[in-house]
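This report refers to the structure that appears directly beneath it.
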Amino acid sequence: EMPAFMKLGDIKGEATDTDHKEWILIESMSAPIFRSVPEGAKDQQRTKGDTTLGDVVVVRQLDKSSTKLQEACANGTFYKEVEIHFCTTVKNKQEPYLTYKLSDVIISSFSMHANASGSPLPSEEVTMGYTAAEWTYVVVDPKTGDKKGQVPAKYNPATGRS
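Read left to right, the sequence shown gives residues 3 to 164 (the working numbering).
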């Protein structure tokens, strides 16, 4: 199992992991980035397009954070930073191998999916718009669990580059 966690302001989730206590548990994430290519552009001219950071969508199961996420969407609550960690178990500890730090976040959509039987558990999609991002991949030795370095990256549309 490779759990994933999200920290969104003061909204408390049900994560019990020591390093992610009360973070929001997530099951999956989609994070598109779009780069336009000018029509008819050739070779290096193709780099002149614009970048759009598509909304991040997380899918998760209903828990105590659900009503607060709905409220934040309805109110247009602004979050300076949101963190998302995808983890692997290393020496009985959840270690992030991929982290996202999103800046200037607003929940742009919240959608609940449930049925009367309660099976499967209700799920929800939380969609977030943001203005800049930092991504970090942590290289982990699969045999020892030792960290072998990081690969950080970032993008800020205000500057047009990382």
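For each residue, glycine too, the CB sits at the ideal point set by N, CA and C.
Nearest-angstrom Cα distance between residue i and residue j?
{"i": "Glu136", "j": "Pro154", "result": "7 Å"}
{"i": "His22", "j": "Gly78", "result": "25 Å"}
{"i": "Glu41", "j": "Ser32", "result": "27 Å"}
{"i": "Gly120", "j": "Ser67", "result": "18 Å"}
{"i": "Glu83", "j": "Leu10", "result": "7 Å"}
{"i": "Val140", "j": "Ala43", "result": "36 Å"}
{"i": "Ala160", "j": "Phe88", "result": "27 Å"}
{"i": "Thr101", "j": "Tyr157", "result": "14 Å"}
{"i": "Thr144", "j": "Ser30", "result": "Contrary to the premise, residue 144 reads as Pro rather than Thr in this sequence. About 22 Å."}
{"i": "Pro34", "j": "Glu127", "result": "15 Å"}
{"i": "Thr54", "j": "Glu73", "result": "27 Å"}
In the DSSP assignment, find the unbroken beta strand (DSSP E) run with residue i in it and report its ends.
{"i": "Pro154", "result": "149-157"}
{"i": "Ile26", "result": "26-28"}
{"i": "Thr146", "result": "Taken as a continuous stretch (DSSP letters only), Thr146 belongs to no beta strand (DSSP E), as it is neither H nor E."}
Please check the pair residue i and residue j, which I expect to be a contact at CB under 8 Å, by giving their CB distance rounded to whole angstroms.
{"i": "Thr90", "j": "Met4", "result": "5 Å"}
{"i": "Leu71", "j": "Phe112", "result": "6 Å"}
{"i": "Pro124", "j": "Ala116", "result": "4 Å"}
* Fully enclosed by the stretch 62-135, which alpha helix (DSSP H) runs are 4 residues long or longer? -> 68-77
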